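Trainee:
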Amino acid sequence: MAKSEDLLASVSDVSTDTEYFSPIPEGYKKGKARYVVVMGTVMSGLGKGIFSSCLAKLMQDKGLKVAPIKLEGYLNIDSGTLNPFRHGEVFVLDDGMECDMDLGTYERMLDQNLTRANFTTSGQIYRSVLDKERHGDYLGRDVQMIPHVTGEVKLKLRHLAMETDADIVFVELGGTVGDLENAFYIEAMRELAYEEGPGSCCFVGLTYILEPKTLGEQKSKAAQLGIKQIMQMGVQPDIIACRAESPVSNQVRQKISVFSNVPLERVFSMHDSASVYMIPSMLRDCGLDFEVLRLLKIEERINLRYERRAWAKWCDFIDKIGAEAHEVTVGITGKYTSVRDSYASIIKALEHSGIALGCRINIEWIETTQVADENVAARLSGIDAIIVPGGFGTRGTEGKIACIKYARENDVPYLGLCFGFQMAVIEFARNVCGLKGAGSGELDPQCPERVIDILPEQKKIEGLGGNMRLGGRDVELKRGTLAWKLFAKADIVRMRFRHRYEVDPRYIERLEAGGLVFSGKAPNQPIMQILEIGSHPFFMGTQSHPCFTSRPLRPHPMFVGLVAAAMQKRYPNEDLRNCIEATRKVCI
Ligand code: GLN
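When we follow my numbering, the leftmost residue of the sequence shown carries the number 167, and every step to the right adds one.
(1) With which residues is Phe663 paired in a DSSP beta bridge?
(2) Please determine, among Ile658, Gly341, Pro364 and Ile243, the residue with the shortest C-alpha to C-alpha distance to Arg645.
(3) Find the nearest neighbour of Glu264 within the set Thr281, Pro718, Asp277 and Tyr272, judged by alpha-carbon distance.
(4) Return the residue from the list Phe594, Gly727 and Tyr194 that minimises the CA-CA distance to Leu803.
(5) Residues around the ligand GLN, please: the ones whose beta-carbon is closer than 5 Å to some heavy atom of it, in chain order.
(6) Do Ile422 and Ile405 come within 7 Å of each other at the CB atom, strictly closer than that value?
(7) Hey, how far is the Cα of Val458 from the Cα of Glu575?
(8) Compare the Cα-Cα distances from Met448 to each of Cys220, Gly524, Glu347 and Asn690 and report the closest residue.
(9) Report yes if the C-beta distance between Phe585 and Gly607 is below 7 Å; otherwise report no.
(10) If I follow the unbroken beta strand (DSSP E) through Ser685, where does it start and stop?
(11) What span of residues does the alpha helix (DSSP H) with Met275 cover, start to end?
(12) Taking Gln709 as part of the alpha helix (DSSP H), name the residues at either end of that continuous run.
(13) Shortest alpha-carbon distance to Asn416 belongs to which of Asn279, Arg672, Ser386 and Asn739?
(14) Thinking just about the alpha-carbon of each residue, which of Lys571, Tyr673 and Gly559 is nearest to the one in Ile552?
(15) Would you kindly work out how many angstroms separate the C-alpha atoms of Gly488 and Lys655, rounded to a whole number?
(16) Should Asp610 be labelled buried (16 or more other beta-carbon atoms within 10 Å of its own) or exposed?
(17) Quick one: what's Cys265 bridged to in DSSP?
(18) Could you tell me whether the Cβ atoms of Phe434 and Gln390 are closer together than 7 Å?
(19) Determine, using beta carbons only, whether Gly239 and Gly341 come nearer to each other than 7 Å.
(20) Less than 7 Å between the beta carbons of Gly229 and Asn469, yes or no?
(21) Along the alpha helix (DSSP H) that carries Ser219, what are the first and last residues, could you check?
(22) Go through its chain and collect everything with a Cβ distance to Ala731's Cβ below 6 Å, but skip five positions before and after it.
(23) Are Leu212 and Leu372 closer than 7 Å when you measure CB to CB?
Structure below.
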């Protein structure tokens, strides 16, 4: 959260004698930034973040500065304590913010690092208002939803606009219109549009067109009711994006257009697509980018030369999708195997590498509670590479360790992410270094050889929420190692972290003596960040989450390395050096 003191310091005039309470940050230039507000109706989970990020990408490609922000309705201060099984993965930003997975969608689509200024929750908004109240900033006024809470929302957006010098701020409202908890956000947006003046805001209603199997035709009533709800709150949508399984018929678009006062050319069919990376061209083909520019009256700010180049690069990328000449199967062990959203970034990172290498990636989920040394070979047959992703708690850990042992002994490419790094250390300690009782303090505090234990700096922190080693950190690479080569021989790279436990430094020497190479370390601290085994085709673990920084046009080197090794295993008789070499160029 932006420090409330900072916000307070920059709030000009809080007056008592006027109803116009709208704190404007000092130096804010009205008209510089325009706002695109994306709201959902009918149901959530339709891809507001995807729509918004794709539109933002088209604007960014035209040389405009864009700043997305997600406004969440829940009261949690951040997403750190949310269960990924219910809410999807917790995405971590470079500045350590634990936020909604949609921020990952924006970072990937825009190839831009975001900060805590790009995410807020109702909890943050209320906390800020209550802090100000205790601080006496409301000068004796009763503190109300309108104007104070809505004022806080507008303040946040204007701050973001100023800090990022944005041409367009993309505001995504979580949930759907009609949720009680989101009502003040919509009211704040209505006020914002009024205050900023005509042409300052573009409202997008994302809705859903039902196509019941029994009827065999598209029905627009639910969409109409949803749009009506937006209008009842005093907001006239400028664009309607219709999510649907198949392309939305003209008749349905016409109905929605008449009903919602939105011209037909701005009622857009956003039907299911094989890849999210196709959606920018879907929007572009029907001219939605220029519709938005015209609505916001900023056509003169764009740079078409820049766009031509950016778009050509993007088209080269999407042309490769579906044209893969190879395929591999990657096994991912995971507790939350029933909800793909819990591993969204890993799936994306694999996809990026696969597209770059011309290799289709099939993912097989491995429920490790049923895996042990006796059946692991059978369970992993047909799998070309294994990932043990991040995780917490004991469930299925012995099964994960069995998978890692199998990968290590049978030359199966392996990538351990955070928890998967820690489990690889335990496996190595037990089966190579002879420390039979090796384990983790997280899983068994009484364990005799806690090769993985709590970070000294974490011991002091109490309570849940924001208490891990979080965010981007520098990692020092050891020259000559595989990690160093993958990262194009860089000495320092930046990676993102979210953990509480680490390799106990007292065991480092013994592990290294056994043949484990710690190829990445925290500079000036004995925190091990990357491990590898020299004699194995690809055995790598990292205490970080490289999936958070993989981007479509810049796949993460560790994932590229894993997929390349999987290809080599699957196609032993083919010389794949060329395609791997070509991929190296697109990596960081
Ligand atoms: N549970 C482990 C820790 O806290 C790993 C965390 C993770 O995988 N994100 O260190």
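Each residue gets a CB set at the ideal place from its N, CA and C atoms; glycine is no exception. Given the structure is predicted, the values throughout are model-derived calculations rather than measurements.
Mentor: The structure says:
(1) Gly637
(2) Ile658
(3) Thr281
(4) No information on residue 803 is available, as it lies outside the stretch 167 to 754 that the chain covers here.
(5) Gly556, Phe558, Cys584, Phe585, Arg664, His665, Arg666 and Tyr667
(6) no
(7) 57 Å
(8) When each option's Cα is compared against that of Met448, the closest is Cys220.
(9) Judged by beta-carbon spacing, Gly607 lies beyond the 7 Å limit of Phe585, meaning their Cβ atoms are not closer than that value.
(10) Leu682 to Lys687
(11) Asp268 to Leu276
(12) Taken as a continuous stretch (DSSP letters only), Gln709 belongs to no alpha helix (DSSP H), as it is neither H nor E.
(13) Ser386
(14) Lys571
(15) 32 Å
(16) exposed
(17) Phe257
(18) no
(19) Inclusion of Gly239 and Gly341 in the CB contact set at 7 Å is warranted, their separation being smaller than that value.
(20) In this structure, Asn469 lies closer than 7 Å to Gly229 by Cβ.
(21) Lys214 to Gln226 is the extent of the alpha helix (DSSP H) around Ser219.
(22) Within its own chain, the residues whose Cβ lies closer than 6 Å to the Cβ of Ala731, once the five positions on either side in sequence are excluded, are Pro579, Pro703 and Phe704, listed in chain order.
(23) yes
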